[in-house]
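Engineer: Position 73, counted from 1, in the sequence shown is what my numbering calls 964; the numbers after and before it change by one each time, with no gaps.
For every residue, glycine included, the Cβ atom is placed at its ideal position computed from N, Cα and C.
One structure is given below, represented as structure tokens, and several questions about it will come after.
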Amino acid sequence: MTVLAEENENSQEPIAKVTFDLDDRVRHETTVTLSDGTTATVGAEPVDGMTRALSGTWRIYGYNPFVTMEYYIVLGPSGNYTTIKSTYGLAISGTLSSFENEKINIVRRTETSSKAAIVEGYAKFNYLGHQWVSIWTQSGGVRASIKNNKVTTELY
């Protein structure tokens, strides 16, 4: 399910992020070690030939020891800017955790001269339990922002 969200961008700080040139059509990934010693990884990779500038399909993903999230975005040109034509394939899996309210929010469909096009995979996670009894609950997911031919993918 894809939902258009309000213009307000998510204010949560990213746990991990990677930025790369949209024309660099290879897998981009970064892994960070968190204060508790666990790791978190975020990335993006092309899934088609993408021969035209500002277009193509990307798999956006992020994971930590408890949960994995991925989805796909289809990009296309809108004048000199990039637009998010569609999103699909939200998949979440968890170990010792459950999730609810999962969705893909398109925060801003088309980039402008001053603002990025933004899409967010989102869920409410219940770690080491389920929605009624949980040791730790957190909302977040994986965000992709496209601006000036750069893509930033964040785990938040």
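I want to check one thing, is the minimum distance from the CB of T921 to the heavy atoms of the ligand MG below 7 Å?
Structural biologist: You won't find the ligand MG in this model; it holds no ligand whatsoever.
Engineer: Consult DSSP for D915 and reduce its assignment to one of helix, strand or coil.
Structural biologist: It is coil, neither helix nor strand.
Engineer: First and last residue of the beta strand (DSSP E) that includes G970?
Structural biologist: Here G970 belongs to no beta strand (DSSP E), and DSSP marks it neither H nor E.
Engineer: For E898 and R999, I'd like the C-alpha separation in whole angstroms.
Structural biologist: Here E898 scores only 37 on pLDDT, less than 50, and its place in the model is too uncertain to base an answer on.
Engineer: With DSSP as the reference, label F990 as helix, strand or coil.
Structural biologist: If DSSP states are grouped into helix, strand and coil, F990 belongs with the strands.
Engineer: Helix, strand or coil: which one does DSSP assign to F1016?
Structural biologist: It is a strand residue.
Engineer: Could you compute how far the alpha carbon of S969 sits from the alpha carbon of T1001?
Structural biologist: Distance between the alpha carbons of S969 and T1001 is about 7 Å.
Engineer: Any idea what DSSP makes of S1025, helix, strand or coil?
Structural biologist: For S1025, the pLDDT reaches just 48, beneath the cut-off of 50, and the residue's location in the model is therefore unreliable, leaving the point undetermined.
Engineer: Just verifying my parser: in three-state terms, what is the DSSP assignment at I951?
Structural biologist: Reduced to three states, the DSSP call for I951 is strand.
Engineer: In the DSSP assignment, the beta strand (DSSP E) including P937 goes from what residue to what residue?
Structural biologist: From DSSP, the beta strand (DSSP E) with P937 extends over 930-937.
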